[in-house]
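All letters in the sequence shown, in the order written, are residues 150 to 389 by the numbering used here.
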Amino acid sequence: MSKDLEDPRRDFLVRALSLGLFATGQVAGLLQASHARGDVPNVLPEGRSIFKLEGEVTVDGLRANLNTSIGPSSRVTTGPASSIIFVVNQDAFILRGNSELELGSSNNLLIEGMRILSGRILSVFGKREKPHTITTSTATIGIRGTGIYVESDPERSYVCTCYGQTRISANTDPNVSQDITATRHDEPVYILQQAGGSGLIVPGPIINHTDTELALIEELVGRTPPFLDAGGGYTVPRNY
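Okay, structure coming up:
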């Protein structure tokens, strides 16, 4: 992929950064600060895992910096008012503050599973031959090449399949599941610890993530989100 700043995808991201078209909170400030320093989203150099971080971030128990390596079996945590944007092979992530993430792999090459023990994460994944899973406090999510936003709290989880296919099952009753095929945030849901009047999986709103953030982390692994115009131009980003 060309590094020319006239590339329409990167031009869009630069303009979006300057306008602050991101979710509210620490990540918005982090990304706007990156733009102010002249940092432009692009595929990360070989051997580098972290695009940006701010605040208290640890990887495998050690305080992280831009040179810290994150592998497919790493554990990443963030403190209050902290965040990290990082890449593992062909997968990319924004982990927000007060979050704890465990990655899992049997071959130390591809992420085969993830546990978001608490907190919030936006993820995009490269295509795989086999599906892999994200486990939260209340849900198990089977995914392939997908964009997905997840929040994990003790009593409920939130899942937005931004695009792609997922199968979402309730941990308290795996027989309760829902298959979702999305093109642009079509069917966000809450998965509850205890069933209410509507069951364990209930519809939810679109919250706390943006198309522009998805475009940014896809750019870090050399891809374009499928919700973009067929000719390569960006549709208007939405703020939630």
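In this text, a Cβ means the ideal position worked out from N, Cα and C, and glycines have one as well. All figures in this text were calculated on a predicted structure; none of them were measured in a lab.
Which of the three DSSP states, helix, strand or coil, is assigned to residue i?
i: D328; result: strand
i: V192; result: coil
i: A288; result: strand
i: A241; result: strand
i: G275; result: coil
i: P132; result: Outside the shown range of the chain, which is 150 to 389, sits residue 132, and nothing can be said about it.
i: E203; result: strand
i: S223; result: coil
i: R293; result: coil
i: G268; result: strand
i: T282; result: strand
i: T310; result: strand
i: S318; result: strand
i: L258; result: coil
i: L211; result: strand
Measuring only the C-alpha atoms, how far is residue i from residue j?
i: G210; j: S223; result: 9 Å
i: I350; j: R197; result: 38 Å
i: E336; j: V273; result: 17 Å
i: D240; j: G275; result: 6 Å
i: T173; j: L271; result: Bear in mind that a pLDDT of 49 at T173, under 50, signals an unreliable position, so the number given afterwards is only what the model happens to contain. Between T173 and L271, the C-alpha separation is close to 14 Å.
i: V206; j: P229; result: 10 Å
i: L170; j: I340; result: Note on L170: pLDDT 49, under 50, position unreliable in the model; no value is reported.
i: G220; j: N256; result: 11 Å
i: L259; j: R269; result: 21 Å
i: R372; j: N191; result: 10 Å
i: L377; j: F242; result: 19 Å
i: G246; j: G346; result: 32 Å
i: T295; j: G262; result: 14 Å
i: P194; j: I297; result: 24 Å
i: P375; j: P352; result: 23 Å
Can you tell me where the beta strand (DSSP E) holding residue i begins and where it ends?
i: A230; result: No beta strand (DSSP E) holds A230; DSSP gives it neither H nor E.
i: S198; result: No beta strand (DSSP E) contains S198, which DSSP labels as neither H nor E.
i: L252; result: 248-253
i: S301; result: 296-301
Task: 4-residue-minimum alpha helix (DSSP H) runs that sit fully inside the stretch 330-381, ordered along the chain - done: 360-369
Task: Validate contact between the stretch 352-369 and the stretch 277-289 using beta carbons, cut 8 Å, 3 pairs - done: no
Task: Inter-stretch contact (C-beta, 8 Å, three-pair minimum) for the stretch 302-314 and the stretch 235-255 - done: no
Open item on the list: Check whether the stretch 230-245 and the stretch 321-335 are in contact - that is, three or more C-beta pairs closer than 8 Å.
Closed with: no
- [ ] Would you check if the stretch 284-301 and the stretch 312-321 touch, i.e. whether three or more CB-CB distances between them fall below 8 Å?
- [x] yes
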